[in-house]
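Heads up, the thing below is written out as structure tokens.
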Amino acid sequence: MNKIFTALALSLIFSSNCAAESFTAKAYIGKVLGASLSMQKADEALKQAENTHKNAIVDAALPSFTLSLSESFYNENRTAPRVARGDVDSSLSAAWNLYDSASGPFRKIKLSKLEYESARLTYLIAKQGEAVKALRRFYALYSAQQKIITAKMNLVSRERQYKDTNEQYQSGTRSKIEVTQSEGDKLQSELSLAQAESAERKALMSFNELINADPDAAQEVQVSTLAKEIKLPLPKEDVARALENNLGLRQKKLSLDRTRIAVRNGTWAAYPRLKVDAGWTKSQLALLGTPGGSWGDHQGYGVGATLSFPFGFAGAQNYRDIQTQKAVLSSAELDLKDSIRALKTGVLSAQKDIELQVKSRQLLEFQVNAQKDATDNLITEYSLGGTSFLQLDSSQTKLLDASNSQIAAINDMDLALADYKVLLGENIWE
-17 MNKIFTALAL SLIFSSNCAA ESFTAKAYIG KVLGASLSMQ KADEALKQAE NTHKNAIVDA
43 ALPSFTLSLS ESFYNENRTA PRVARGDVDS SLSAAWNLYD SASGPFRKIK LSKLEYESAR
103 LTYLIAKQGE AVKALRRFYA LYSAQQKIIT AKMNLVSRER QYKDTNEQYQ SGTRSKIEVT
163 QSEGDKLQSE LSLAQAESAE RKALMSFNEL INADPDAAQE VQVSTLAKEI KLPLPKEDVA
223 RALENNLGLR QKKLSLDRTR IAVRNGTWAA YPRLKVDAGW TKSQLALLGT PGGSWGDHQG
283 YGVGATLSFP FGFAGAQNYR DIQTQKAVLS SAELDLKDSI RALKTGVLSA QKDIELQVKS
343 RQLLEFQVNA QKDATDNLIT EYSLGGTSFL QLDSSQTKLL DASNSQIAAI NDMDLALADY
403 KVLLGENIWE
């Protein structure tokens, strides 16, 4: 019976996928990421964040220049409106903030860098999510294709049973009721096969959707599971790896750093604020016919300090503003602590789930092999008029259920491993 199942499975695979494109999980994820519109948007968002970061560095570290041209059409000394080149005034000025106790250039650069790093992590999180989605579509198609093979095997077994029952009924060793029951089981197997084929067609369309292929394009998936390489128990050190590398947690840490800078700026803005600025101005640039002279003429430059004292009613408003900023920072710190707790629990729970799935797969593999042998023997005995119809029917049903459970176990295990890598901050597309 095992030889029959093996031969039938190989023939079904080669006949149904002879013109199909073959995908491994890694190859499919790569193609999905290349065709993903979401990733294209995320890539553009990352480029915008990078440009914003570079502009922020330039704005914070270098002076800003302003070129101005002005024309007076009418004033108290010239009551007749006119436009003349000689009336145009021109100037070039530069301003450079050297120090700001509330929001200096260095803090602006640091904040800009944190925002860029946050945008980069957002991009990686989006890529990770897209890869997980691709992996689920991949295993959904694998499961659907494997269940078709299992359904066809079951139908072959049911058809043989029906044939044997009919022949034995003709010879008087089986009852009419058994013939009717056997025919009903065969019809049920045909329905199960039709349902499996319908599910496979839907899974195929979902699979092709992510790679922008024709919905009905034939595809073949090659599963190379890493489940057998898992060494139990999984290391407790993975908790520390997750706390260091998990993308979501790193995003929250960056968010906390940004909040600290924003809170510090807001807090210091409520105190007397000291600013030191440098400025330079050059007028009469000889543009558009304006008067001009040597470059050294009509220039002004200097460095000045400004000390301002912002306060609300008797300082009460300033005090409330400072307390509000402290509350914002405290809330962000508590949110990070909560995320750390949840991540620790998530990693340890995922480890237990994976350990349980490893044992479940081992049991299912044993059950499928044992049930195949049992069904093989019962079919042989049944064809000779030995075993009962109910016993063979029960064995065939158990084999079908165990085979489908084994397929689902492969999916669940590999997807659980992918989710575990996400917790550890690993790139599942590599």
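For the sequence shown, the residue numbers in the numbering used here are -17 to 412.
For glycine and all other residues, C-beta sits at the position ideal for the given N, C-alpha and C.
Predicted model only: the values in this text are computed from it and were never measured.
{"Asked": "Where in the stretch 12 to 95 do unbroken runs of the beta strand (DSSP E), each at least 3 residues long, occur, reported from the N-terminal end onward?", "Found": "46 to 53 and 70 to 82"}
{"Asked": "What does the alpha-carbon distance come out to for the pair residue 250 and residue 121?", "Found": "55 Å"}
{"Asked": "Nearest by alpha-carbon distance to residue 305: which of 340, 102, 246 and 285 is it?", "Found": "246"}
{"Asked": "Among all the DSSP beta bridges, which residues are the ones paired with residue 259?", "Found": "79 and 286"}
{"Asked": "Whose CA, out of 404, 11, 97 and 157, lies closest to the CA of residue 31?", "Found": "97"}
{"Asked": "Taking the beta strand (DSSP E) that residue 163 falls in, what are its first and last residues?", "Found": "Per DSSP, residue 163 belongs to no beta strand (DSSP E); it is in the alpha helix (DSSP H), 158 to 192."}
{"Asked": "Name the DSSP bridge partner or partners of residue 264?", "Found": "74 and 281"}
{"Asked": "In whole angstroms, what separates the C-alpha of residue 181 from that of residue 33?", "Found": "46 Å"}
{"Asked": "By the DSSP assignment, the alpha helix (DSSP H) with residue 205 in it spans what residues?", "Found": "Careful: residue 205 lies outside any alpha helix (DSSP H) and carries neither H nor E."}
{"Asked": "Let me know the secondary structure DSSP gives residue 348 once reduced to three states.", "Found": "helix"}
{"Asked": "Take residue 15 and list the residues in its own chain whose beta-carbon comes closer than 7 Å to its own, dropping the five residues that flank it on each side.", "Found": "21, 109, 112, 113 and 411"}
{"Asked": "How far does the alpha helix (DSSP H) with residue 387 in it reach, from first residue to last?", "Found": "371 to 406"}
{"Asked": "Here's the rule I'm using: 16 or more other beta-carbon atoms within 10 Å means buried, otherwise exposed. How should residue 392 be labelled?", "Found": "buried"}
{"Asked": "Less than 8 Å between the C-beta atoms of residue 350 and residue 385, yes or no?", "Found": "yes"}
{"Asked": "Which one of 72, 37 and 38 has the shortest CA to CA distance from residue 52?", "Found": "72"}
{"Asked": "Rank 104, 167 and 321 by C-alpha distance to the C-alpha of residue 377 and give the top, closest one.", "Found": "167"}
{"Asked": "Just the Cα atoms here: how many angstroms apart are residue 387 and residue 219?", "Found": "32 Å"}
{"Asked": "Could you check if residue -13 is buried or exposed, using at least 16 other CB atoms within 10 Å of its CB as the buried criterion?", "Found": "With a pLDDT of only 48 at residue -13, under 50, the local geometry of the prediction cannot be trusted, and the value read off the model is given with reservation. Buried: at least 16 other Cβ atoms inside 10 Å."}
{"Asked": "Would you grab the beta carbon distance between residue 329 and residue 221 for me? Rounded to a whole angstrom, and I think it's under 8 Å.", "Found": "5 Å"}
{"Asked": "Measure the alpha-carbon distance for residue 228 versus residue 402 and round it to whole angstroms.", "Found": "10 Å"}
{"Asked": "Alpha carbon to alpha carbon, how far is residue 299 from residue 232? Give it in angstroms, no decimals.", "Found": "35 Å"}
{"Asked": "Should residue 28 and residue 101 be called a contact, given that it needs their Cβ atoms to be closer than 8 Å?", "Found": "yes"}
{"Asked": "For residue 50, collect the residues of the same chain with a Cβ closer than 6 Å to its Cβ; drop the 5 residues on either side in sequence, then sort them by chain order.", "Found": "73"}
{"Asked": "Decide if the stretch 152 to 171 is in contact with the stretch 196 to 214; the criterion is three or more beta carbon pairs, one per stretch, under 8 Å apart.", "Found": "no"}
{"Asked": "Please name the residue, chosen from 13, 89, 119 and 88, that lies closest to residue 397 on a Cα-to-Cα basis.", "Found": "119"}
{"Asked": "Classify residue 399 as buried or exposed, calling it buried when 16 or more other Cβ atoms lie within 10 Å of its own Cβ.", "Found": "buried"}
{"Asked": "What does DSSP give as the partner residue(s) for residue 5 in the beta ladder?", "Found": "203"}
{"Asked": "Residue 155 and residue 367 - do their beta-carbons sit closer together than 8 Å?", "Found": "yes"}
{"Asked": "Identify whether residue 357 lies in helix, strand or coil by the three-state DSSP scheme.", "Found": "helix"}
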